[in-house]
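Below, the structure written as structure tokens:
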């Protein structure tokens, strides 16, 4: 039976949103504030000397408002890179925005000059109105950020990750059993796998079922976060708009988003708190730290623990699900690669057991397939915006203080200076005498790099090895019996899922179910 990937849910819309793309702006307020920002911004741009940064021609006052990529941000950044080079400048209401698209430029600014470029811009809608300022990805670079970072590393340290392998194996076998019994729902089980593993790792809560409300809540939560951070909200460029009445559409939207974010942070947290109090909690990041909090031995506040847990759970579930969807698409489009990976699995493991994390070194081709999935289709193709904390001279340009910087991790994955034939899906690029660079950049760079990168790689490795050991992914067929070969298309701004495509997943050989049905 055919399976297909359902579309990622979008946050509910019941009113105009007051974004740039909707064009529902209040003219008088905009003109006044835009004029102020314009002249204030011109003062910042004139700091120091330097050659002008290339970019689309700006209009008076509005700047590049009409050039803002409200939808296909990755495509726009690629086009600008071809037209203007590795740095493209936009200015909206006097606020500077730089789009970065080369490995050398992004590495220089975000890694080598990380102390200057690791802050977040003032995103009023997400940070203030939606209450996301306490969540690690949106925390400003400073003591609070470093405390959260250290805290997250405790959960995601290699020695702790080894305790998660049992959870991964359990969820992997559940995925295989469910796919074997109901192959037409395979896509939904991949989503369940990622959400359930994240929930158990962070909160120690029971494994989720395919239609569990927490799966749906996690999906809606990430759609909300994407809309809040990357939605092009007017208030992010004109902060004075936050004082508008609560009945204004974007204020109503922010209220709804804030309520949902609070629900996701509180619902699993309250469940664990109840278990800790009655002595039934399973060891997890939350239960261990909550017990310390109850005992009075914790160095952290309840808000910090709750926000850190929610950030790991939400981001981990969404990006991991995206990577697994991209893996299925890659195998569907490249049957020769799929067959080579299956041959390696059979040769190394036989057909008597499933892979373990410790098998990675003995399965180099499977591991290279995993890395190529991350390079070929980065789950998060554009990094969350950074901000410059000072005027900086770079490559003859002057980057003013408080400039917003967006780095295209997708462009880094297509950088011809790093990858040959970058559009091709080719796991062999990481092998041989002159292997190309592993795409660690897909998890971010510098101090803002995702602390769960190793967990994400292990999760996709085990998922890929399990699926390819037991199943073959094939094209669906149309009514005439011809194979349906999808053209890869992706949607989303922060997390870029493949658009819906049909496929068939079949057991590789008779009796394969003995590998997972008995556990």
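Residue numbers (our numbering): 1413 to 1931. Heads up, the beta-carbon is just placed ideally off N, CA and C, and yes, glycines get one too.
Assignment of residue 1918 by DSSP, reduced to helix, strand and coil, places it in the strand class. When rounded, the separation of the alpha-carbon atoms in residue 1509 and residue 1649 is 11 Å. The beta carbons of residue 1754 and residue 1880 sit closer together than 8 Å. DSSP places residue 1809 in the uninterrupted beta strand (DSSP E) bounded by 1809 to 1811. Beta bridge pairing from DSSP links residue 1508 with 1503. Under a 10 Å Cβ-count criterion, residue 1584 is classified as buried, with 16 or more other Cβ atoms of the shown protein chains found around its own Cβ. The C-alpha of residue 1592 is placed about 44 Å away from the C-alpha of residue 1537.
Inclusion of residue 1722 and residue 1617 in the CB contact set at 8 Å is not warranted, their separation being larger than that value. Residue 1601 counts as buried, since at least 16 other C-beta atoms from the protein chains shown sit within 10 angstroms of its C-beta.
Spatial neighbours of residue 1790 in its own chain (CB-CB distance under 8 Å, excluding positions within 5 residues in sequence) are listed in chain order as 1821, 1822, 1825, 1851, 1854 and 1908.
Fewer than three beta-carbon pairs drawn from the stretch 1478 to 1498 and the stretch 1520 to 1540 are found closer than 8 Å, and the two stretches are therefore not classed as touching.
Residue 1813 and residue 1531 have their C-alpha atoms some 11 Å from each other. In the structure shown, the three-state DSSP call for residue 1889 is strand. A direct Cα-to-Cα measurement between residue 1561 and residue 1548 gives close to 8 Å. By the neighbour-count definition (other C-beta atoms within 10 Å, threshold 16), residue 1892 is an exposed residue. Of all alpha-carbon atoms in 1877, 1859, 1784 and 1788, the one lying nearest the alpha-carbon of residue 1767 is that of 1877. Contact check for residue 1497 against residue 1468 fails: the beta carbons are separated by 8 Å or more. Going by DSSP, residue 1634 is part of the alpha helix (DSSP H) stretching over 1625 to 1642. For residue 1547, there is no enclosing beta strand (DSSP E), as DSSP marks it with neither H nor E. Residue pairing by DSSP places residue 1819 opposite 1512 in a beta bridge.
Per DSSP, the unbroken beta strand (DSSP E) holding residue 1806 starts and ends at 1804 to 1806. Counting C-beta atoms within 10 angstroms of its own C-beta, residue 1615 has 16 or more neighbours from the protein chains shown and is therefore classed as buried.
DSSP links residue 1531 through a beta bridge to 1799. According to the DSSP secondary-structure assignment, residue 1471 is paired through a beta bridge with 1475.
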